[in-house]
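Peer 1: According to our numbering, the sequence shown is numbered sequentially starting from 171. For glycine and all other residues, C-beta sits at the position ideal for the given N, C-alpha and C. Pasting a structure below so you can have a look.
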Amino acid sequence: MLAIVGVLFVMMARVDKVATSAISENRELNLAIETVIAKISQELVSDVPGVAGQEYYDYPDVNNIWLASLEPYQFAANDYRWRQISDVYRFFGPAALGLPAVFA
């Protein structure tokens with residue numbers, strides 16, 4: 171009987187640990203999402219008239235590297251490419267332009 175109680179105690183401890191780690195991962199994911207949304211919000215503020223360094227448009231180009239193209243374009247026969255992918259933190263640099271679009 172004591173062994174069963176001990177096994178149940180260990181199982182409950184493991185369940186609590188798994189539940190706690192899932193909550194922690196969920197919080198980290200929420201923080202990452204909030205960070206990306208805050209960065210995009212800052213970019214959108216620069217489009218408001220009266221803000222220093224403003225721009226009056228949003229288009230996926232070198233001035234708006236955080237915007238992605240909606241659809242690929244035909245680069246050559248059977249070769250489609252994305253004009254631009256989202257690069258919020260400028261991690262990819264020039265590599266974010268002209269990526270091949272692979273269709274399965």
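(1) State the Cα-Cα distance for the pair L258 and E195, rounded to the nearest angstrom.
(2) State the CB to CB distance for the pair G268 and R253, rounded to an integer number of angstroms; the pair is presumed to be in contact (CB under 8 Å).
(3) Once DSSP output is grouped into helix, strand and coil, what is the label at F245?
(4) If you measure between the beta carbons of I255 and A266, is that distance less than 8 Å?
(5) Does the contact criterion of 3 or more C-beta pairs under 8 Å hold for the segment 225-240 versus the segment 208-216?
Peer 2: Let me spell this out:
(1) Mapped onto the sequence shown, residue 258 falls at position 88. Mapped onto the sequence shown, residue 195 falls at position 25. As written in the sequence, residue 258 is Val, which differs from the Leu given in the question. Near 22 Å, if we compare the C-alpha coordinates of E195 and V258.
(2) For the purposes of this step, residue 268 is identified with residue 98 of the sequence shown, where counting begins at 1. For the purposes of this step, residue 253 is identified with residue 83 of the sequence shown, where counting begins at 1. Contact holds; Cβ gap of about 7 Å.
(3) In the sequence shown, counting from the first residue as 1, residue 245 sits at position 75. F245 falls in the strand class under three-state DSSP.
(4) As a first step, residue 255 must be located in the sequence shown, where it is residue number 85. As a first step, residue 266 must be located in the sequence shown, where it is residue number 96. Yes.
(5) Yes: at least three Cβ pairs fall under 8 Å.
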